[in-house]
Amino acid sequence: MEPSPLELPSDTVQRIAAELRCHPTDEQVALRLDEEDTLKHFRECFYIPKMQDLPPIDLSLVNKEENSIYFLGNSLGLQPKLVKTFLEEELDKWAKMGAYGHDVGKRPWIVGDEIIVGLMKDIVGAKEKEIALMNALTVNLHLLLLSFFKPTPKRHKILLEAKAFPSDHYAIESQLQLHGLNVERSMRMIKPREGEEILRMEDILEVIEKEGDSIAVILFSGLHFYTGQLFDMPAITKAGQAKGCFVGFDLAHAVGNVELHLHDWGVDFACWCSYKYLNAGAGGLAGAFVHEKHDHTIKPTLVGWFGHELSTRFKMDNKLQLIPGVSGFRISNPPILLVCSLHASLEIFRQATIKALRKKSILLTGYLEYMIKLYFNKDIGGTKKPIVNIITPSNIEDRGCQLTLTFSIPKKNVFEELEKRGVVCDKREPNGIRVAPVPLYNSFHDVYKFINLLSSVIDSVETKK
Ligand SMILES: Cc1ncc(COP(=O)(O)O)c(C=O)c1O
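Encoded structure:
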């Protein structure tokens, strides 16, 4: 039977269990969910690390030939098999024709980034001309802030989350210092309420309403790296702009994970990396967005020759013809080997579509949440069983695929035991373990196996006490 469009993940799991006449925790449920998954074949497009190749593995606990349970796509996405093919195409071209490769072939190097930028449109919800693929994330953040952050004595603050990713924190701190501003006065950080992990939208909106007149730029993450909270980007944008602020987002954990509509939301600027959900490999080519409404008003502060119109770029007359919009922010010629790996991944996204991926992701993460709550629920009173708490919001609209877990037993022990058994996830200070089932290459059976491993890990940590 087809699920109704409004069916919650927990309802789907229970419905399937009822159809199969088994308990929701039964392996058959996971297998049925995989069977019904129309995106399951995309797993074959990736190399899934084998147990035996993971450095922390304990071979006495696993079958070394088996695939690991890779739940770390929120940190580094897996390698698409197509990457090698695409890299070889450009390496061959380089070997065979040297500099002629700049102008010919599937990806003429001088326009390598432009060849693939159209594949990013649907992923971030922007027009092609509003996107540039260049540099790394923090570099792009700096370049964007150099243009959007023009403090005045009255409007001098940058608003951000108190626990923003360190690189964003340092970028903002150093931008304020660049303008000779007092960091304490101008770096306005919003904290969750006492005893809470998640920022409440009403608190964010209240700060914008109260202090908006003194805020020049609001820079939030789209999805928080630690808690997994997905912020209401359209609401933050609307509220900030109503107060005259520019609103930008670091989309490192949102891009390729949730649906984005940067153009329609009217976001002023955004930047992202490509090595997490976009699977382009460590240090991959990053992205930047500037809304087209700024095409003729916001200019790059630092300029290089790739910001010059292509038609006259090679006249070498030193008369800058700046490309309007974000393309004018490009400084150097594109790194073609990085273009190749990103191209390979974006090609898979084109086939899968972000809409369908998000739909699967909601069910996949919902299944994980359901199972965690069922196995490690707080309410199983009196048993003194260790508790696993999920700090990521439970509401589907307020999260992506990642869940951040905390434990009533030491997280370090849980993490090490999971690693020994071939679960690839990570621990983050102060006390979370982040797990991210990724719809492109994770299965419902991965989630099932993870839950069983987590159960035996918790038992083993308990008995060692
Ligand atoms: C939210 C966020 N912002 C910024 C960065 C830094 O990215 P980069 O090293 O590519 O500049 C990361 C890296 O993981 C991140 O997660």
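The sequence shown: position 48 = 607 (the numbering used here), numbered continuously.
For each residue, glycine too, the CB sits at the ideal point set by N, CA and C.
Does residue i pass the burial test, meaning 16 or more other C-beta atoms within 10 Å, or should it be called exposed?
i     : result
Q736  : exposed
R752  : exposed
H902  : buried
Y929  : buried
Q910  : exposed
E594  : exposed
E649  : buried
G677  : exposed
H850  : buried
H600  : exposed
V1020 : buried
N1026 : One cannot answer for residue 1026 here, as it falls past the ends of the chain, which runs 560 to 1024.
N694  : buried
H867  : buried
L977  : buried
G781  : buried
P725  : exposed
H715  : buried
Measuring CA to CA, which of the options is closest to residue i?
i     : options                 : result
K750  : H728, R759, R744        : R759
L962  : E988, I890, I931, L1012 : I931
L933  : P568, L565, P583, L579  : P583
P712  : V994, H853, V983, G739  : G739
D791  : G959, I950, H600        : G959
V683  : E978, A577, S833, D772  : S833
L964  : K874, I913, F630, I949  : I949
V982  : H728, E988, A995, T912  : A995
H916  : L819, Q638, L719, S634  : The question names His, but residue 916 is Leu in the sequence shown. Out of L819, Q638, L719, S634, L819 has the C-alpha closest to the C-alpha of L916.
L821  : M679, L579, K971, A845  : M679
E890  : V814, R872, C899        : It is worth fixing the name first, because residue 890 is Ile in this sequence and not Glu. For I890, the nearest C-alpha among the options comes from R872.
L590  : L1012, G840, V1006      : V1006
S786  : G807, Q800, K797, H812  : According to the sequence shown, residue 786 is Thr rather than Ser. Comparing Cα positions, the closest option is H812.
V997  : S920, D772, V663        : S920
G1008 : L703, V588, I968, N816  : A quick correction: the sequence has Lys, not Gly, at residue 1008. Taking only the C-alpha atoms, the option nearest K1008 is V588.
F645  : N626, E756, S627, W668  : W668
Which residue or residues does DSSP assign as beta-bridge partners of residue i?
i    : result
V983 : Y629
G887 : G887 pairs with nothing; no bridge assigned.
P996 : Its beta-bridge partners do not exist; DSSP assigns none.
M748 : L719
F645 : None; F645 has no bridge partner.
Can you tell me whether DSSP reads residue i as helix, strand or coil?
i    : result
D727 : helix
Q788 : strand
K944 : coil
V742 : helix
V776 : strand
R754 : Sequence inspection shows Gly at residue 754; the Arg mentioned does not correspond to that position. Looking at G754 - three-state DSSP - the assignment turns out to be coil, as it is neither helix nor strand.
C899 : helix
H701 : helix
I857 : coil
P793 : helix
H812 : coil
Please indicate yes or no: does the CB of residue i lie closer than 7 Å to some heavy atom of ligand 3?
i    : result
T697 : This structure simply doesn't include ligand 3; it includes ligand 1 instead.
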